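For the record, the sequence lines run as chains A and B. Using the working numbering, you'd call the opening residue of the first sequence number 1 and step up by one each time. Using the working numbering, you'd call the opening residue of the second sequence number 1001 and step up by one each time. Where a beta carbon is used, it is the ideal one built from N, C-alpha and C, also for glycine. Keep in mind the model is a prediction, meaning the values are calculated, not measured.
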Amino acid sequence: MARAGENHDAHEATPEEREAEAFRKRRRGRSIALAIVLAALVALFYAVTIVKMGPGVLDRPL
Amino acid sequence: MTVMTDHAPRARPAPTAIGGSTAEAGDYLALLKPRVMFLVVFTALVGMVVVESTVHPIVAFAALVAIAVGAGASGALNMWWDADIDAVMTRTRKRPIPDGRVAPGEALAFGLTLSIGSVLTLGLVANWLAAGFLAFTIFFYAVVYSMWLKRATPQNIVIGGAAGAFPPMVADAAVTGSLGIETAVLFAIIFLWTPPHFWALALVKSGDYARAGVPMLPNVAGPDETRRQIWLYTLVFVPVTLLPIPLGFGGLAYAVIGGATALAMLGLTWRVYRIREGEEAARAAQRLFGFTILHLFILFAVLLAEHGLGLYRAVPALVIPGMA
Chain A
1 MARAGENHDA
11 HEATPEEREA
21 EAFRKRRRGR
31 SIALAIVLAA
41 LVALFYAVTI
51 VKMGPGVLDR
61 PL
Chain B
1001 MTVMTDHAPR
1011 ARPAPTAIGG
1021 STAEAGDYLA
1031 LLKPRVMFLV
1041 VFTALVGMVV
1051 VESTVHPIVA
1061 FAALVAIAVG
1071 AGASGALNMW
1081 WDADIDAVMT
1091 RTRKRPIPDG
1101 RVAPGEALAF
1111 GLTLSIGSVL
1121 TLGLVANWLA
1131 AGFLAFTIFF
1141 YAVVYSMWLK
1151 RATPQNIVIG
1161 GAAGAFPPMV
1171 ADAAVTGSLG
1181 IETAVLFAII
1191 FLWTPPHFWA
1201 LALVKSGDYA
1211 RAGVPMLPNV
1221 AGPDETRRQI
1231 WLYTLVFVPV
1241 TLLPIPLGFG
1251 GLAYAVIGGA
1261 TALAMLGLTW
1271 RVYRIREGEE
1281 AARAAQRLFG
1291 FTILHLFILF
1301 AVLLAEHGLG
1311 LYRAVPALVI
1321 PGMA
C-alpha cells in the first residue's frame, strides 16, 4: 500500500517489466550488430565486384 | 507440471519463454570461437603470403573473411553438438548454450547459415576449389571430429587436428587456384603440432575430460603413455617445422628462430617426459602447453614477416637445389 506523501507517478518496474526491458535492449544490440555486418558485407561485395569486373561493370549491352 | 531435467545453469530465461532470442550480439560472437578464428585467419594469411600469388589484395581479403567465417561456423556447429559435455567442463560451462544464453536450435541455424554463406562467398570471390575445400574443412570439424571422433577414440585430436591444419591450404587454393608444397608443409606443421599441444593440456585437465566422458589419451591410456606419445610426436613435429628451410620458403630469420624454438620445444617436452610426479610434473605440462601456442605463433609470424614484409633472406647453402 502507498504511504502518505509518496509520488504515485513514480512507478517501480515489476520483474516482468525489467525482463522485457532487458530483452528489448538485447534485441536492439543484435539489430545494430546485424546492420553493421550487413553494411560491411555490402561494401566488401561492392569492392570485390569492382576489382573483378572493373569500373565498366555497368557499361554493357542489356 | 513442468519437470526441469536440464542440469546446466540458466543465467537467463530460455529463449522460447518470451517468444524470441534473449541472446546478446556478443553471445553469437562467442559461438564463433573468436580465438580459434584468429588462429585460422593468421595461418591462412601466412598460407597466402608464402605462395606469393598476384591476386588483388581486396580479393585476398574477401577470401580471408570467408575462410574466417567458415571457421566460425564450424565452431558454432561444434558448440551446438557438444553443449551437453560443455556444461560439465569448467573450461566450457560458461559458453552461450550451456549457460542458457543461446538456444541450441539458434546455434545450429546460425552455424548452418554461416557455413553455406561462407562457402558460397569463397566460391564467388575466389574459386570453387577453395570453396569445396572450405566446405570439406567445416564438415571435417563439425561432423568427422565433433560427432564421430571426439567421444569415440583417444585419437580424436590426432585425426581431428587436420581440420585446424587445412586453412593455409584453403587460402592457397583461394589465391592460386591450386595447391602447392609450401602450404602442404604448413598443414603438416599444424597437424603434428596438435597432439603435443592438446595432450599437454589434457595432462593438466584430465579430470575435466573424464567428467565429460571424453576419451582423451591420459584418461584412456594413462599419463605415462601420454607423455611417451607427446615425446614421439614432438620428435616428428620438430624436423617438420624446419622443412621450410630446405624447401626455400623459410629464409635466414626462419632458420635461426625456427632452430632455436625447435630446441626449446625438445627441451620442454623432455621435461614433461621425465618429470612424472607431483606439482613439478603439472607445471612442466602447463609450461609445454603454453610454449606450444607460442611456438606455432612464432614460426608463422616469422614466415609472415619474411614474405609479407620483405624480410626474406635466402640461405642457399641449406636449400635443396631447384626448390628456391
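Our contact map puts T1241 of chain B next to L1299 of chain B with C-beta atoms below 8 Å; I'd like the distance itself, whole angstroms only.
Residue mapping note: residue 1241 of chain B aligns to position 241 of the second sequence, counting from 1. Residue mapping note: residue 1299 of chain B aligns to position 299 of the second sequence, counting from 1. Rounded, the Cβ-Cβ distance is 6 Å, consistent with contact.
Examine the Cβ distances between the segment 1231 to 1245 of chain B and the segment 1111 to 1124 of chain B and report whether three or more of them are shorter than 8 Å.
no
Spell out whether any CB of chain A is found under 8 Å from the CB atom of V1204 of chain B.
The residue given as residue 1204 of chain B occupies position 204 in the second sequence. Residue-level contact check: V1204 of chain B does not touch chain A, since none of the beta carbons of chain A fall below 8 Å from its beta carbon.
Kindly give me the distance between the Cβ atoms of L1122 of chain B and A1063 of chain B, rounded to whole angstroms, as I take these residues to be in contact under 8 Å.
Position 122 of the second sequence holds residue 1122 of chain B. Position 63 of the second sequence holds residue 1063 of chain B. Indeed they touch by this definition, with Cβ atoms about 6 Å apart.
Under 8 Å, do V1170 of chain B and F1139 of chain B count as touching if we go by C-beta distance?
Mapped onto the second sequence, residue 1170 of chain B falls at position 170. Mapped onto the second sequence, residue 1139 of chain B falls at position 139. Cβ distance not < 8 Å, so V1170 of chain B and F1139 of chain B don't count as in contact.
Got a sec, what are the start and stop residues for the alpha helix (DSSP H) S31 of chain A sits in?
Reading the first sequence from its first residue, position 31 is the one you call residue 31 of chain A. S31 of chain A -> alpha helix (DSSP H) spans 15 to 53.
If you measure between the beta carbons of I1189 of chain B and L1247 of chain B, is that distance less than 8 Å?
As a first step, residue 1189 of chain B is located in the second sequence; it is residue number 189 there, counting from the start. As a first step, residue 1247 of chain B is located in the second sequence; it is residue number 247 there, counting from the start. Not a contact, by the Cβ cut-off of 8 Å.
Tell me whether S1206 of chain B is buried or exposed, calling it buried when 16 or more other Cβ atoms sit within 10 Å of its Cβ.
Within the second sequence, numbered from 1, the residue matching residue 1206 of chain B stands at position 206. A residue is called buried once 16 or more other Cβ atoms fall within 10 Å of its Cβ, and S1206 of chain B is buried on that count.
Beta-carbon of A39 of chain A versus every beta-carbon of chain B: anything under 8 Å?
In the first sequence, counting from the first residue as 1, residue 39 of chain A sits at position 39. Not an interface residue.
Within 10 Å of its beta-carbon, does H11 of chain A have 16 or more other beta-carbons around it, so buried, or fewer, so exposed?
Start at 1 with the first residue of the first sequence, and residue 11 of chain A comes out as number 11. Result: exposed.
Grouping DSSP H, G and I as helix and E and B as strand, with all else coil, what is T1022 of chain B?
Translated into the one-based positions of the second sequence, residue 1022 of chain B becomes position 22. In the structure shown, T1022 of chain B sits in coil (DSSP, three-state: anything other than H, G, I, E or B).
Does the beta carbon of G29 of chain A come closer than 8 Å to any beta carbon on chain B?
Stepping through the first sequence from its first residue, residue 29 of chain A is reached at position 29. G29 of chain A counts as touching chain B.
According to the Cβ coordinates, are P1168 of chain B and T1043 of chain B closer than 8 Å?
In the second sequence, residue 1168 of chain B corresponds to position 168, counting from 1. In the second sequence, residue 1043 of chain B corresponds to position 43, counting from 1. A contact, by the Cβ cut-off of 8 Å.
Close Cβ partners of W1231 of chain B (< 8 Å) along its chain, the five nearest in sequence each way excluded:
Position 231 of the second sequence, counted from the first residue, corresponds to residue 1231 of chain B. T1269, W1270, V1272, Y1273, listed in sequence order.
Within-8 Å CB hit, L58 of chain A to chain B:
Here residue 58 of chain A refers to the residue found at position 58 of the first sequence. Chain B, which has no Cβ nearer than 8 Å to the Cβ of L58 of chain A, makes this no.
Can you list, in chain order, the residues of its chain whose CB lies under 8 Å from that of V1220 of chain B, leaving out five sequence neighbours each side?
On the second sequence, position 220 is the one that residue 1220 of chain B refers to. Counting only Cβ-Cβ distances below 8 Å, and skipping sequence neighbours, we find P1154.
Taking only beta carbons into account, state which residues of the segment 1056 to 1070 of chain B come closer than 7 Å to chain A, listed in chain order.
Residues of the segment 1056 to 1070 of chain B with a Cβ closer than 7 Å to any Cβ of chain A, in chain order: H1056, I1058, V1059, A1062, V1065.
Would you decide whether R1228 of chain B is buried or exposed? Buried here means 16 or more other CB atoms lie within 10 Å of its CB.
The residue you call residue 1228 of chain B lines up with position 228 of the second sequence. That one is exposed.
Closest Cα partner of W1353 of chain B within the set B:P1096, B:V1046, B:M1048
Residue 1353 of chain B falls outside the range modelled here, since chain B spans only 1001 to 1324, and no answer is possible.
Look at the alpha carbon of A1284 of chain B and the alpha carbon of V1143 of chain B, and state the distance between them as a whole number of angstroms.
Translated into the one-based positions of the second sequence, residue 1284 of chain B becomes position 284. Translated into the one-based positions of the second sequence, residue 1143 of chain B becomes position 143. About 33 Å.
Between A51 of chain A and P1034 of chain B, what straight-line distance do the alpha-carbon atoms span, to the nearest angstrom?
To locate residue 51 of chain A, count along the first sequence from 1; it is residue 51. To locate residue 1034 of chain B, count along the second sequence from 1; it is residue 34. Note that residue 51 of chain A corresponds to Val in the displayed sequence, not to Ala. Roughly 29 Å separates the two Cα atoms.
Are the beta-carbon atoms belonging to V1175 of chain B and S1053 of chain B less than 8 Å from one another?
Position 175 of the second sequence, counted from the first residue, corresponds to residue 1175 of chain B. Position 53 of the second sequence, counted from the first residue, corresponds to residue 1053 of chain B. Contact flag set, yes.
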